[in-house]
Amino acid sequence: DAGVIQSPRHEVTEMGQEVTLRCKPISGHNSLFWYRQTMMRGLELLIYFNNNVPIDDSGMPEDRFSAKMPNASFSTLKIQPSEPRDSAVYFCASSLWAGTNTGELFFGEGSRLTVL
Amino acid sequence: QQQVKQSPQSLIVQKGGISIINCAYENTAFDYFPWYQQFPGKGPALLIAIRPDVSEKKEGRFTISFNKSAKQFSLHIMDSQPGDSATYFCAASNRKGFQKLVFGTGTRLLVSP
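In the order they appear, the protein sequences are chains U and H. The first sequence: position 79 = 79 (the numbering used here), numbered continuously. Numbering-wise, the numbering used here comes out as the position in the second sequence, counting from 1, plus 116.
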């Protein structure tokens, strides 16, 4: 299996621009998570989906952030408009949830976002 | 109550030494405690995990010790090697709910040759 695939790996943009990060989860996984990692705040859960349905988006920082999962093999995280404080590494992770969970998330390699 | 507190923030250990990272939690509903390892430029990956019905779990050079009454758990890396240099995250979740893992803030481990 190719693992969780994220794109782009690196994105540099100017403040005010729209940013779209993409994720392809592992085939067969039914849960998908978006995390943000910064030195100051560590790993923060932004939103997670189960069977393509958003379950908890309480971690989304503000209305500038939105996430979608139109099908089981694709998700996007969009920031519009972007701000310098959004600079971070954004990780997508997937897992198989079957009533109870084991806590094993499979992470992609991340998308490093720099907003100038 | 959802926090997992991790210490130390960084750690330097000589090759062959023992690395110890500690975590503490408040939420008694947590019943699954994984550790993740992250190398630079990569995403975190599951290293080892424990459930509260046991006090210790060992996989090779990696051991988790769990103290339910103190609500603490720790990772011990025996015979630490330079290849173990990475950032380690403890985490906690409740198996009955959706997989909402709460991560600690991470420990950057450097094993000197």
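We put the CB at the ideal spot given by N, CA and C, even for glycine.
- In this model, residue 65(U) and residue 134(H) are separated by some 42 Å (Cα to Cα).
- Secondary-structure assignment with DSSP links residue 180(H) through a beta bridge to 173(H), 191(H).
- Excluding sequence positions up to five before and after residue 168(H), its CB lies within less than 7 Å of the CB of 147, 182, 184, all in the same chain and listed in chain order.
- For residue 42(U), the secondary structure class from DSSP, reduced to helix, strand or coil, is strand.
- Between residue 226(H) and residue 137(H), the CB-CB gap reaches or exceeds 9 Å.
- Residue 54(U) sits in a strand when the DSSP states are folded into three classes.
- Here residue 130(H) has 228 as same chain residues with Cβ atoms under 7 Å from its own Cβ, once five neighbours each way along the sequence are excluded.
- Pairing residue 83(U) with residue 108(U), the inter-Cα distance amounts to about 24 Å.
- The DSSP-derived three-state label of residue 198(H) is helix.
- For residue 176(H), no CB of chain U lies under 9 Å from its own CB, so it is not counted at the interface with that chain.
- Legend: CB atoms of the stretch 151-176 of chain H lying less than 9 Å from CB atoms of chain U belong to residues 152, 154, 157, 158, 159, 160, 161, 162, 165.
- Residue state for residue 36(U) is assigned as strand, using DSSP reduced to three classes.
- For residue 156(H), no beta strand (DSSP E) run applies, since DSSP gives it neither H nor E.
- C-alpha of residue 172(H) to C-alpha of residue 203(H): approximately 22 Å in a straight line.
- In chain order, 42, 43 make up the part of chain U whose C-beta sits under 8 Å from the C-beta of residue 205(H).
- The continuous beta strand (DSSP E) containing residue 71(U) extends over residues 65-71.
- The Cβ-Cβ distance between residue 85(U) and residue 11(U) does not fall below 9 Å.
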